[in-house]
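Residue numbering for the sequence shown follows this note's numbering, starting at 6 and increasing by one per position. So the structure is just underneath, and the comments pick up after that.
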Amino acid sequence: MAQLEVTDFTQAVIDRMAECQDPRFKQVMTALVKHAHAFAREVDLTPDEWMAAIQFLTAAGQKCDEKRQEFILLSDTLGMSMLVVAMEQERGARALKDKPGEAPTEATVQGPFFWPGAPKLELGADIGEGQGEPAYYFGRVTDTFGKPLANCEVDVWSGDGDGFYDMQKGDQMSLRAQFRTDQDGNYRFWSIKPAFYPVPDDGPVGGMLRRMGRHPNRPGHMHMMLNAAGHERLVTHIFVKDSPYLDSDAVFGVRNSLVIDFPKHAPGKAPDGRNMAKPYYTAKYDFRLVPTAA
Ligand code: BEZ
Ligand code: FE
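Here's what the structure looks like:
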């Protein structure tokens, strides 16, 4: 019988994985055990504190249902989601180094409000009517060599003018759609100028944020997910340049290259010929996707 002392537990757990057949899983679990044990030692963790952590994670799990994902929120607010996204982007940049072509569009967090199966609509459709200040979104999707990508699936979703997503309000989808780019890689649709909003903070993660002395807000943004055959999927946002919280996004998702002006226009003829009775905004953004072979 071998009694383990404080200094022995980490290696003992790692040694028990001797028979593990999956090298990547073993690598990840070894590092996880090392860092978790080092964390406990660093903060001199007490049993009561560890039990509080377990209760917090239990409450986070109990808060989850089909529409509420407290663990994504936890990952997002601790910067973990964005760290993983940014590392993936760097990995991609290294692979493309010394290859011709432009840098791809930057990615950011997907967040917990993606709802698969949004209505497939014709280019130019209005998905925001009456839900906020109208905004016309348009631009082009190309690959990193500038070749236009026709028939690229463009999924879009956002909160309403008060910052609430359809999922938070009920069972009715709104302010989300799937479009397909035209022959020249162009997309266009009407929605609203998105407002800043708090991430859901009525659960354990909200409690954690308050205890950390943090606000829960995200700057205004439109979510976009692009899928084109033969290209890497892109999950990103367009951020509103004059929005509050660009410097302190609760989920650390802001990338400078994704922040754009939303110029305001007087009532009149919009770029798609539509006659606007009230003021509206425009948001132009071009996307560059990475060919899979690259
Ligand atoms: C969002 O932008 O929808 C979001 C992202 C992370 C956490 C909560 C919401
Ligand atoms: Fe969002």
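Beta carbons are placed, not taken as given, at the ideal position from N, Cα and C, and that holds for glycine. As the structure is a prediction and not an experimental result, all values here were calculated from the model.
Return the first residue and the last residue of the beta strand (DSSP E) that residue i is part of.
{"i": "Gly225", "result": "Premise fails: Gly225 is in no beta strand (DSSP E) and is neither H nor E."}
{"i": "Leu294", "result": "292–294"}
{"i": "His220", "result": "His220 -> no beta strand (DSSP E), and no H or E assigned at all."}
{"i": "Arg193", "result": "191–197"}
{"i": "Val146", "result": "139–148"}
{"i": "Lys289", "result": "285–289"}
What first and last residue would you give for the alpha helix (DSSP H) that runs through residue i?
{"i": "Gln300", "result": "Nothing can be reported for residue 300, as the shown portion of the chain is limited to 6 through 299."}
{"i": "Pro52", "result": "52–68"}
{"i": "Thr82", "result": "75–82"}
{"i": "Pro28", "result": "28–47"}
{"i": "Ala100", "result": "85–101"}
Bridge partners for residue i per DSSP, in chain order?
{"i": "Ile265", "result": "Val245"}
{"i": "Asn232", "result": "Glu158"}
{"i": "Leu239", "result": "Leu231"}
{"i": "Arg181", "result": "Trp162"}
{"i": "Pro203", "result": "Asn222"}
{"i": "Pro272", "result": "Answer is none; Pro272 lacks a bridge partner."}
{"i": "Pro153", "result": "Thr147"}
In this structure, does DSSP put residue i in helix, strand or coil?
{"i": "Lys174", "result": "helix"}
{"i": "Thr186", "result": "coil"}
{"i": "Val210", "result": "helix"}
{"i": "Arg215", "result": "helix"}
{"i": "Arg279", "result": "coil"}
{"i": "Pro105", "result": "coil"}
{"i": "Pro117", "result": "coil"}
{"i": "Lys72", "result": "coil"}
{"i": "Asp254", "result": "coil"}
Notebook entry, point to check: Whose beta carbon lies closer than 6 angstroms to any heavy atom of ligand 1, going through the chain in order?
Noted result: This selection yields Leu78, Asp81, Val114, Gly116, Pro117, Phe118, Val204, Arg223, Val256.
Note to self: Count Cβ pairs between the segment 166–179 and the segment 207–219 that sit closer than 8 angstroms; are there 3 or more?
What the structure shows: No, because fewer than three Cβ pairs between the segment 166–179 and the segment 207–219 fall closer than 8 angstroms, the two stretches do not touch.
Notebook entry, point to check: Taking three-plus beta-carbon pairs below 8 angstroms as touching, is the segment 235–250 in contact with the segment 203–210?
Noted result: Counting Cβ pairs under 8 angstroms, fewer than three are found: no touch.
Checklist line | Validate contact between the segment 248–268 and the segment 191–202 using beta carbons, cut 8 angstroms, 3 pairs | finding: Touching, yes.
Note to self: So, does the segment 29–39 touch the segment 53–71, judging by three or more C-beta pairs under 8 angstroms?
What the structure shows: No, the segment 29–39 does not touch the segment 53–71.
Notebook entry, point to check: Does the segment 289–296 come close enough to the segment 105–122 that 3 or more CB-CB pairs lie under 8 angstroms?
Noted result: The segment 105–122 makes contact with the segment 289–296: 3 or more CB pairs, one atom from each, lie closer than 8 angstroms.
Check: Are the segment 128–145 and the segment 85–102 touching, with three or more C-beta to C-beta distances below 8 angstroms?
Finding: They do not touch, by the three-pair rule.
Checklist line | Inter-stretch contact (C-beta, 8 angstroms, three-pair minimum) for the segment 223–231 and the segment 251–259 | finding: Segments in contact, yes.
Notebook entry, point to check: If you pair each beta-carbon of the segment 259–271 with each one of the segment 183–196, do three or more pairs fall below 8 angstroms?
Noted result: Too few Cβ pairs lie closer than 8 angstroms, so no.
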